[in-house]
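Working notes for the structure below.
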Amino acid sequence: MTHPDRTAGDARLRLSAALDRLGAVFRGMTAHPDESNCECHWGSAEDLALLKVPDAELDPDLLRRTWQATDWTYQASVLRRILPQFATALVAGRIEPFFGMEEAGRVFDRAGWQQWPADQAAAVREFLDAWWERTLTDPDPAVPAYQVLALTAEASGTPTPWLRTWERHTHPTADRHLAQVVDQWESELLRDELPWDTWHDKEATRTELVAWLLRHAAARLRSHGAPDDLLHRIRLLGLTEPDRWDDPHWPGF
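To convert, note that position 223 of the sequence shown is 219 in my numbering; the numbers rise steadily by one, no gaps.
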């Protein structure tokens, strides 16, 4: 078993170093010189000009409008410009999407970060890895684990590496987050729906998530004295219709 106190301290330091690395790698980045956007719907010419000034701090509203806009011509350049500030705001829980944190994950996906130069892609990967590990070791993270999981899955196109990390974290803090995931997502999963809106293979993602919960969640939560009704809800995920509906523990959504 991973020692929770040591892991939490290491994870804090790792995330701090990852944020510092983003600041160093993306220092001096700007939006593309030819980038434009609609003044009526996005913002003023002065706002756009600020994105072409390296390292200038954006006010929270401009940062929000910039990351939420989906119609940038040069998506990668825009994300590189805002990334250090955007990542810091994400970790602090200051990013509030309209629907779910998967929206913030799509910012990374649209920008194609995994095809960026090696040092840039490695800095983004380390940030996502470090934030996820810090979330799993933090008893009260600014962004709940189920939201960070949706974001990282959308950013990378797969839940696989993030679930594998969760497998390695078997301490009580990680398992409390696991119980919260089941509690938050049970209604969608028991209707055979993915709990977040994805741009990737919805059915494959849902199938992988359910299979992982069936393999790991019940045993881990049982060892921490999880209530029977929670364990039954996990068990129901392994049943097919109509057996699921006919089960005496079906919650009747």
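Note that beta-carbon positions come from the ideal geometry of N, C-alpha and C, so glycine has one too.
Is it the case that the Cβ atoms of residue i and residue j are separated by a distance below 8 Å?
i, j, result
"THR169", "ARG216", "no"
"ALA117", "TRP109", "yes"
"ALA214", "ARG130", "no"
"LEU47", "ALA65", "no"
"ASP134", "ALA4", "yes"
"ARG60", "GLY39", "no"
"LEU174", "TRP158", "no"
Compute the beta-carbon to beta-carbon distance between residue i and residue j, rounded to the nearest angstrom, for a pair I have assumed lies under 8 Å.
i, j, result
"GLU98", "LEU147", "6 Å"
"VAL177", "ALA222", "That belief does not hold up - the Cβ atoms of VAL177 and ALA222 are roughly 12 Å apart, past 8 Å."
"PRO191", "GLU184", "4 Å"
"GLY96", "ALA138", "The Cβ separation is near 16 Å, so there is no contact."
"TRP68", "GLU31", "6 Å"
"GLU122", "ALA41", "Not a contact, Cβ separation roughly 36 Å."
Classify residue i: buried if its beta carbon has 16 or more other beta carbons within 10 angstroms, exposed otherwise.
i, result
"LEU9", "exposed"
"THR201", "buried"
"LEU210", "exposed"
"TRP63", "buried"
"PRO247", "exposed"
"ARG229", "buried"
"SER219", "exposed"
"GLN111", "exposed"
"GLU189", "exposed"
"GLU182", "buried"
"SER12", "exposed"
"PRO244", "exposed"
"THR236", "exposed"
"ASP239", "exposed"
"ASP80", "In the sequence on display, residue 80 carries Pro and not Asp. Counting Cβ neighbours within 10 Å, PRO80 comes out buried, since at least 16 surround it."
"MET(-3)", "Because MET(-3) carries a pLDDT of 46, less than 50, the predicted location of this residue cannot be relied on, and the following value inherits that uncertainty. So MET(-3) ends up on the exposed side."
For residue i, which option in the options has the closest C-alpha, if you only look at C-alpha atoms?
i, options, result
"PHE22", "ASP51, GLU42, ASN33 and GLY5", "ASP51"
"ASP115", "ALA20, GLY89 and HIS220", "ALA20"
"ILE78", "PRO56, TRP241 and ALA88", "PRO56"
"GLY234", "SER219, HIS245, LEU226 and VAL206", "VAL206"
"ARG250", "GLN71, ASP243, TRP241 and TRP112", "The requested residue 250 does not occur in the structure, where the chain is confined to residues -3 to 249."
"VAL49", "ARG76, LEU11 and ASP225", "ARG76"
"GLU204", "ALA88, THR154, ASP16 and ARG218", "THR154"
"TRP241", "TRP195, LEU186 and LEU190", "LEU186"
"PHE82", "LEU227, LEU18 and PRO113", "LEU18"
"ASP171", "VAL74, ALA85, ASP136 and HIS245", "ASP136"
"SER152", "SER183, GLY5, VAL120 and ASP16", "VAL120"
"ASP197", "ARG164, ALA149 and MET25", "ALA149"
"ASP179", "ARG90, ASP225, TRP112 and TRP158", "ASP225"
"ASP16", "LEU58, ASN33 and THR84", "THR84"
"ARG160", "ASP243, SER40 and HIS212", "HIS212"
"VAL293", "GLU53, ASP125, PRO113 and ARG61", "What the structure shows of the chain is the stretch from -3 to 249, and residue 293 is not part of that stretch, so it cannot be assessed."
"LEU58", "ILE91, LEU232 and TRP195", "ILE91"
"GLY24", "ASP43, SER73, GLY39 and ASN33", "SER73"
"ALA100", "TRP158, PRO238, LEU227 and THR194", "THR194"
"GLN143", "ASP105, GLU163 and PRO93", "PRO93"
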